Ligand code: GTP
Ligand code: MG
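Residue numbers (the numbering used here): 32 to 340.
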């Protein structure tokens, strides 16, 4: 459906909307009126009218649980490369949701992220979704050579695999947020089924330091996560984000680390995996706070070929 068919949208306004990145009714149906008015430079009341009409067009309304149930049955899953880890996650990294991998440095978060943008390209029967991927790199740790190595190990043509991964290096939190807000077009154009943000919190942590800025940081982080969910749900994409841990000086017993981002992040996740280094290339993954899977652990390895049992 064209934007011009929506109530309140003439050619001039349609132009403004497209320029601001709102190029489909679906995109318009899920924005707030103040955000739309601000970024497209249109009146607040016009924004409300457009959003309402876009919601009707996009058919965003109540649904029966039975319809939802059926849709959940078709949720796609991307293999991690380790059947142990896949089993822990109920079959792999889910589409239509946001999965977080957290752990200390060297625990394998970025390795897993690299593996998933390769694996999503595999056909369905091999644990992929036959789709492309988007990689938002905030720490300058994306390595195409590693992707090529993993692709070769799977018998895929490394050049073709690299052709299907769109990479962006984010330099600030604003930039990171913009890249995700603008991901819609890429998802559609490149048939992407995976969106990685590695790491989701690093820039937030660097820019907003100190207690005084915590509230502001958390609010912005919450908005970013909402944008990630929007992409996951509207386009049936598996979103994978990585996160570091911070020390908890107040804990005497048990694990003295916790993921960054507090409840804002934790509550926004479809699944959270805690990675720990064991000996050599062995890693332990623990599923935490999952809404419908048990809190079990699994082990996997990081090898030359990538993530394996
Ligand atoms: P930070 O981003 O620093 O928080 O860490 P991370 O969790 O992202 O760590 P990353 O995924 O980068 O893991 C790095 C680890 O993967 C290293 O300790 C290496 O041991 C291992 N690794 C990376 N590449 C290879 C490889 O080609 N072969 C093998 N065997 N191991 C590798
Ligand atoms: Mg990393």
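No residue lacks a Cβ here, since even glycine has one placed at the ideal position from N, Cα and C. Owing to the predicted nature of the structure, the values given are computational and were not obtained by experimental measurement.
A distance below 7 Å separates the beta carbons of residue 51 and residue 71. In the DSSP assignment, the residues bridged to residue 277 are 289. Neighbourhood of ligand 2, defined by CB distance below 7 Å to any of its heavy atoms: 140, 141, 170, 172, 229, 230, 273, in chain order. Of the heavy atoms belonging to ligand 1, none sits nearer than 6 Å to the Cβ of residue 65. Distance from the C-beta of residue 312 to the nearest heavy atom of ligand 1 is below 6 Å. Proximity of the beta carbon of residue 335 to ligand 1 is indicated: a heavy atom of the ligand is located closer than 6 Å.
In the three-state scheme derived from DSSP, where H, G and I count as helix and E and B as strand, residue 129 is classed as strand. Between residue 306 and residue 192 a beta carbon distance of about 24 Å is seen, past the 8 Å cut, so the two are scored as non-contacting.
For residue 195, the secondary structure class from DSSP, reduced to helix, strand or coil, is coil. Taking C-beta atoms under 8 Å as the contact rule, residue 195 and residue 163 qualify, at a distance of about 4 Å. Taken in chain order, the complete alpha helix (DSSP H) segments of 4 residues or longer contained in the region 96-180 are 96-104, 114-119, 140-150.
Secondary structure of residue 37 (DSSP, three-state): coil.
Distance from the C-beta of residue 113 to the nearest heavy atom of ligand 1 is not below 6 Å. Residue 205 and residue 119 have their C-alpha atoms spaced approximately 34 Å apart.
Within the DSSP bridge table, the entry for residue 337 names 334 as partners.
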